[in-house]
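Comments concern the structure below.
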Amino acid sequence: MAYGAATMNAQTSSLHLSIAPEREDDARAVDAMIERAFGPGRYTKVSERLREGNVQRRDLSFTAVAAGEVVGAVRLWPIMVGEARGLFLGPIAVEGGWRKHGIGGDLIDKAVTAGAAAGEAFVFLVGDRALFSPHGFEVVPRGTIRMPGPVDPARILWRALTPGGLDGVAGQAHVPEHG
Ligand SMILES: CC(C)(COP(=O)(O)OP(=O)(O)OC[C@H]1O[C@@H](n2cnc3c(N)ncnc32)[C@H](O)[C@@H]1OP(=O)(O)O)[C@@H](O)C(=O)NCCC(=O)NCCS
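All residue numbers for the sequence shown refer to my numbering, where the first residue is 28 and numbers rise by one.
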């Protein structure tokens, strides 16, 4: 498996987009875009329990900007699974009208590459396999990661960021004490 640098795909390179780590100034526009993409129900999601009281890794979170507007974003968070330290990915969203051009895929690749470069061992998330499997994610064996609420096990996905990065990763997913 390759852990090297990601490049923009052929589709997104023609969109005059820039994808860069989330700046503090972008946070409100990103929040609003996520809100539009998911609707208000997102705050009841089990994944939100792993973001509450956590401190976002802004350096590993990426924002896609076109003509000064935020059109896509992915956020990453520090996480513990049992005793293993890794990353939790989400939310990911692309503005309606900008979808199906590969922006979501590029955001995933950027986050994965940056996480690997930062020396993190693994990343996991709750999401659609069809979206994430082309980017190296696989379904976590049932029962390996316990979530803080009911989640469809087929939607719990992970990938290593270093060789052997998934070894021994098992247990309750929880927010690290220091956030
Ligand atoms: C999911 C989302 C971020 C994808 O962004 P995108 O820029 O359209 O993604 P890409 O163009 O890189 O790839 C989309 C591909 O994933 C597939 N896919 C799988 N699950 C998908 C989903 N829930 N939504 C959109 N596409 C999905 C598409 O069929 C498409 O495959 P294709 O390229 O073979 O047609 C965007 O549709 C979105 O913001 N949706 C609403 C929020 C959401 O559901 N986010 C999390 C889902 S886990």
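Every residue, glycine too, gets a C-beta built ideally from N, C-alpha and C. For clarity, every value in this text was computed on a predicted model and none was experimentally measured.
{"Check": "Contacting residues, own chain, Cβ-Cβ under 6 Å from V13 (five flanking each side not counted)", "Outcome": "The structure shown does not extend to residue 13, since the chain is modelled only from 28 through 206, so no value can be given for it."}
{"Check": "Any non-hydrogen atom of ligand 1 within 6 Å of G66 CB", "Outcome": "no"}
{"Check": "Entirely enclosed alpha helix (DSSP H) segments - the segment 33-114, minimum 4 residues", "Outcome": "54-65 and 73-76"}
{"Check": "Secondary structure of V139, DSSP reduced to three states", "Outcome": "helix"}
{"Check": "Cα-Cα separation between T140 and G191, rounded to whole angstroms", "Outcome": "16 Å"}
{"Check": "Sheet register partners of I130 (DSSP bridge)", "Outcome": "Paired residues: none, contrary to the question."}
{"Check": "CB of R169 within 7 Å of CB of P180, strictly", "Outcome": "yes"}
{"Check": "Cα-Cα separation, E96 to W104", "Outcome": "24 Å"}
{"Check": "Residue range of the unbroken beta strand (DSSP E) whose run includes L184", "Outcome": "I183 to A187"}
{"Check": "R173 in three-state terms, based on DSSP", "Outcome": "strand"}
{"Check": "For F159, the first and last residue of its enclosing alpha helix (DSSP H)", "Outcome": "R156 to F159"}
{"Check": "Rounded straight-line distance, which links the Cα of S88 to that of I119", "Outcome": "10 Å"}
{"Check": "Anticipated Cβ contact below 8 Å, G142 with L77, distance rounded", "Outcome": "G142 to L77, Cβ: 16 Å. No contact."}
{"Check": "Distance between beta carbons of V57 and G113, contact taken as under 8 Å", "Outcome": "Going by Cβ atoms, the distance from G113 to V57 rounds to 22 Å, so no, they are not a contact pair."}
{"Check": "Reduced DSSP category for P190 - H, G, I as helix; E, B as strand; rest coil", "Outcome": "coil"}
{"Check": "Within 7 Å, strictly: CB atoms of G117 and S160", "Outcome": "no"}
{"Check": "For G198, the residue or residues it bridges with in DSSP", "Outcome": "I172"}
{"Check": "Contact belief for G131 with L152 at Cβ below 8 Å, rounded distance in angstroms", "Outcome": "With 8 Å as the limit, G131 and L152 do not qualify as a contact, their Cβ atoms being about 13 Å apart."}
{"Check": "Same chain, Cβ closer than 6 Å to Y30, neighbours up to 5 away in sequence not counted", "Outcome": "Here Y30 scores only 37 on pLDDT, less than 50, and its place in the model is too uncertain to base an answer on."}
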